[in-house]
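K.L.:
Below: one structure in structure tokens.
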Amino acid sequence: DMKVTQMPRYLIKRMGENVLLECGQDMSHETMYWYRQDPGLGLQLIYISYDVDSNSEGDIPKGYRVSRKKREHFSLILDSAKTNQTSVYFCASSPGTGSSDYTFGSGTRLLVI
Amino acid sequence: AQSVTQPDARVTVSEGASLQLRCKYSYSGTPYLFWYVQYPRQGLQLLLKYYSGDPVVQGVNGFEAEFSKSNSSFHLRKASVHWSDSAVYFCALSPYAQGLTFGLGTRVSVFP
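Top line first, the protein sequences correspond to chains E and R.
Heads up, the numbering used here is the position in the first sequence plus 784, with the first residue counted as 1.
Heads up, the numbering used here is the position in the second sequence plus 43, with the first residue counted as 1.
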């Protein structure tokens, strides 16, 4: 079953703590994405990964970093989380740049208190 | 830079009635255009996508969309809605190698 899996589904962290959001895909897709979704703002692109160790900033990268050491796994890291990073984070993948086939995960709901 | 505008934040419609959701885009080239649906506490599911060819594209669950280059629009339609169509609908475009740019979404409520 081709899918994008995000872990954890729900997460509560205190301000200043480090946060790791994980995303995996079983389709050998080259390109992976991290988005955040906020009420009134829609989905905004945080980072794109074109393949292992080939990452590019999206529209709102500040406060985030990413890691992709294996093609099937893409992590989003928040060093010293802030309350304004409370959001729903979605991971997505596509076969490669130029592809129009995107598969989304179910999201991780992060609450920073 | 590209952008997507969905002018209607909320739409309310009676079950069995027709539905149209508006989408306008801004992009200098020819992008891929998409409509996604999001049910509560779920991810995004693709309804349909368009790149070229017949400007009317059919999607899943009876949805269709019409592309207009002259109007920079990609409106979504359904002839007869069901209560299960209540969801948030997102229009998006995808320039080459840049991921998806989304509109803010339209929340659809279907009443019996």
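In this text, a Cβ means the ideal position worked out from N, Cα and C, and glycines have one as well.
This structure is a prediction, so every number in the text was calculated from the model and none was measured.
1) I want to verify the contact list: residues of chain E whose CB lies under 7 Å from the CB of R:F227, in sequence order.
2) Applying a beta-carbon distance threshold of less than 9 Å, which residues of chain E neighbour R:F133?
3) Out of curiosity, what's the CA-to-CA distance linking R:F154 and E:S840?
4) Closest to R:V100 by CA distance: which of R:S152, R:K121 and R:A60 is it?
5) From the beta carbon of R:K92, is the nearest beta carbon of chain E less than 8 Å away?
6) Using CA atoms only, rank isn't needed, just tell me which of R:W126, R:K112, R:G148 and R:T48 is closest to R:S71.
7) On the three-pair Cβ rule with 8 Å, is the stretch 72-92 of chain R touching the stretch 118-137 of chain R?
8) Residues of the stretch 71-99 of chain R with a CB closer than 7 Å to any CB of chain E: list them in chain order, please.
9) Please report how far the alpha carbon of R:W126 lies from the alpha carbon of R:A44, in whole angstroms.
P.N.:
Reading off the structure:
1) No answer is possible for residue 227 of chain R: the residues shown for chain R start at 44 and end at 155.
2) Neighbours of R:F133 on chain E, chain order: G826 and L827.
3) Taking the straight line joining both Cα atoms gives about 44 Å.
4) Scanning R:S152, R:K121 and R:A60 for the CA closest to the CA of R:V100 turns up R:K121.
5) It does: the Cβ of R:K92 has a partner Cβ on chain E nearer than 8 Å.
6) Minimum Cα distance to R:S71 is reached at R:K112.
7) Touching, per the Cβ criterion.
8) For the stretch 71-99 of chain R, residues whose beta-carbon sits nearer than 7 Å to a beta-carbon of chain E comprise Y75, Q85, G86, L87, K92 and Y94.
9) Going by the C-alpha atoms only, they are around 37 Å apart.
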